[in-house]
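Take a look at the structure set out below.
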């Protein structure tokens with residue numbers, strides 16, 4: 001970190017001064033499935049990345065020694081931003097879906113509106129763990145199938161639902177993560193889903 | 001290939017935070033931080049940077065990305081400034097105009113915002 005003199009002209013786009021509430025949506029999926037692509041397609045800023053350093057108790061505790069090992073893991077994640085109106089701003093986080101990052105999720109998911117599970121039909125098994133964790137956390141989610149050009153399988157959404165053992169209540173949508181309009185539809189599908197859930201809760205005495 | 005954020009030097013992080021490595025979790029990733037004062041002479045450079053960034057509301061996670069410091073370290077630094085009264089924090093859903101909203105009304109606003117994209 002250099003001296004604090006003469007910053008290069010900032011390329012940042014600041015929020016409006018009336019912004020007061022940050023909201024979160026998490027995009028999870030396996031490596032290379034297009035999480036960052038989706039975030040970039042809808043974000044008003046170039047996606048940024050940062051990282052969280054996590055200290056976790058060692059899982060393979062050596063009982064003969066009786067000392068719990070601690071390991072520090074650094075997890076990088078991307079995010080983008082959408083100003084929804086003059087006071088609400090939505091942050092989209094792209095989080096790696098691999099099992100070893102579960103502790104990052106626990107933190108990312110807390111207080112999140114919901115999640116998008118991005119699926120590549122060539123590697124559907126990459127989504128199993130993410131879906132399992134979301135269900136465990138009772139985080140509402142939708143499944144978006146990123147249809148790559150060379151997706152020759154063309155499994156139908158219903159076939160994918162079966163393969164992922166998803167309940168009927170989980171909305172599914174085809175998408176092209178590169179397209180803003182498509183990414184927008186994915187987010188709307190999620191928030192529509194959240195809306196219906198909230199509505200049925202509010203109308204339940 | 002994405003370039004990882006520079007944390008190659010643990011000593012530096014240690015220096016930045018004065019040796020602290022844990023922060024309380026009162027600042028969410030999307031808590032918006034706003035400067036209340038201009039930087040003053042003799043301030044730590046990271047604190048100066050944060051105060052400059054937060055002339056407009058800036059989420060904790062954005063500060064972290066801009067400073068290229070891990071989120072935990074950023075939390076500690078923002079916490080310092082908050083304790084000194086140099087920044088204020090707009091916590092998620094704490095704003096009066098939003099906290100009182102039923103969930104459906106909040107989500108309706110989100111939907112409207114997304115549709116207008």
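Residue numbers (our numbering), protein chains in the order written: chain A, 1 to 205; chain B, 1 to 117. Think of the CB as a built atom: it goes at the ideal place given N, C-alpha and C, for glycine as much as any other residue. Quick caveat: nothing in here was measured; it's all calculated off a predicted structure.
Beta-carbon proximity check, residue i vs residue j, cutoff 8 Å
i, j, result
"residue 190/A", "residue 146/A", "no"
"residue 129/B", "residue 34/B", "Absent from the model: residue 129/B. The displayed extent of chain B is 1 to 117, so no value can be given."
"residue 78/B", "residue 60/B", "yes"
"residue 28/A", "residue 114/A", "no"
"residue 114/B", "residue 187/A", "yes"
"residue 213/A", "residue 127/A", "Lying before the first or after the last residue shown, residue 213/A is absent from chain A, which here runs from 1 to 205."
"residue 46/B", "residue 13/B", "no"
"residue 140/A", "residue 54/A", "no"
"residue 111/A", "residue 28/B", "yes"
"residue 98/B", "residue 52/A", "no"
"residue 109/B", "residue 85/A", "yes"
"residue 30/B", "residue 94/A", "no"
"residue 76/A", "residue 116/A", "no"
"residue 178/A", "residue 37/A", "yes"
"residue 160/A", "residue 204/A", "no"
"residue 32/B", "residue 165/A", "no"
"residue 195/A", "residue 53/B", "no"
"residue 45/A", "residue 87/A", "no"
Paired residues, beta bridge with residue i - DSSP
i, result
"residue 90/A", "23/A and 82/A"
"residue 146/A", "175/A"
"residue 29/A", "96/A"
"residue 52/A", "75/A"
"residue 59/B", "32/B"
"residue 141/A", "115/A"
Separation of residue j from residue i, as counted between CA atoms
i, j, result
"residue 34/A", "residue 124/A", "13 Å"
"residue 65/B", "residue 26/A", "17 Å"
"residue 79/A", "residue 57/B", "17 Å"
"residue 117/B", "residue 15/A", "16 Å"
"residue 193/A", "residue 173/A", "12 Å"
"residue 184/A", "residue 69/B", "30 Å"
"residue 99/A", "residue 39/B", "43 Å"
"residue 201/A", "residue 101/A", "32 Å"
"residue 103/B", "residue 43/B", "42 Å"
"residue 61/A", "residue 72/A", "Legend: pLDDT at residue 61/A = 41, less than 50; position of this residue unreliable, value from coordinates given subsequently. The straight-line gap from Cα to Cα measures roughly 15 Å."
"residue 41/A", "residue 48/A", "13 Å"
"residue 105/B", "residue 142/A", "21 Å"
"residue 176/A", "residue 156/A", "15 Å"
"residue 105/A", "residue 76/B", "21 Å"
"residue 19/B", "residue 131/A", "38 Å"
"residue 36/B", "residue 168/A", "50 Å"
"residue 59/A", "residue 74/A", "Interpretation of residue 59/A is limited by its pLDDT of 48, a score under 50 that renders its predicted location unreliable; no figure is taken from the coordinates."
"residue 162/A", "residue 170/A", "12 Å"
"residue 83/A", "residue 80/B", "28 Å"
"residue 134/A", "residue 101/B", "26 Å"
"residue 62/B", "residue 41/B", "25 Å"
"residue 17/B", "residue 90/B", "23 Å"
"residue 93/B", "residue 55/B", "21 Å"
Contacts that residue i makes with chain A (C-beta to C-beta distance below 7 Å)
i, result
"residue 56/B", "14, 15 and 17"
"residue 89/B", "Simply none; closest approach about 11 Å."
"residue 38/B", "Within chain A, no residue comes near residue 38/B; the closest Cβ sits about 13 Å away, beyond 7 Å."
Residue i: contacting residues in chain B (beta-carbon distance under 7 Å)
i, result
"residue 79/A", "61"
Interface partners of residue i on chain B, CB under 8 Å
i, result
"residue 172/A", "Within chain B, no residue comes near residue 172/A; the closest Cβ sits about 18 Å away, beyond 8 Å."
"residue 199/A", "104"
Within chain A, partners of residue i - CB distance below 9 Å
i, result
"residue 19/B", "Ordered by position in chain A, no residue passes the 9 Å Cβ test against residue 19/B, which lies about 15 Å from the chain."
"residue 97/B", "20, 21 and 87"
"residue 85/B", "Per Cβ cutoff of 9 Å: no residues; residue 85/B is ~19 Å from chain A at best."
"residue 81/B", "Those within 9 Å of residue 81/B in chain A number zero; the least Cβ separation is about 15 Å."
Cβ-heavy atom distance, residue i to the ligand NAP, below 7 Å
i, result
"residue 40/B", "The ligand content of the structure shown is nil, which means the ligand NAP is not present either."
Restricting to runs no shorter than 3 residues, where is the beta strand (DSSP E) found entirely within the region 13-53 of chain B? As far as the region 13-53 of chain B is concerned, its whole beta strand (DSSP E) runs of at least 3 residues are 32-35.
Whole runs of the alpha helix (DSSP H) within the region 93-139 of chain A, excluding any shorter than 4 residues: Taken in chain order, the complete alpha helix (DSSP H) segments of 4 or more residues contained in the region 93-139 of chain A are 102-109 and 125-137.
Report the residue ranges of all alpha helix (DSSP H) runs contained in full by the region 73-114 of chain B; include only those spanning at least 4 residues, in chain order. DSSP assignment within the region 73-114 of chain B yields the following whole alpha helix (DSSP H) runs of 4 residues or more, N-terminal first: 96-99.
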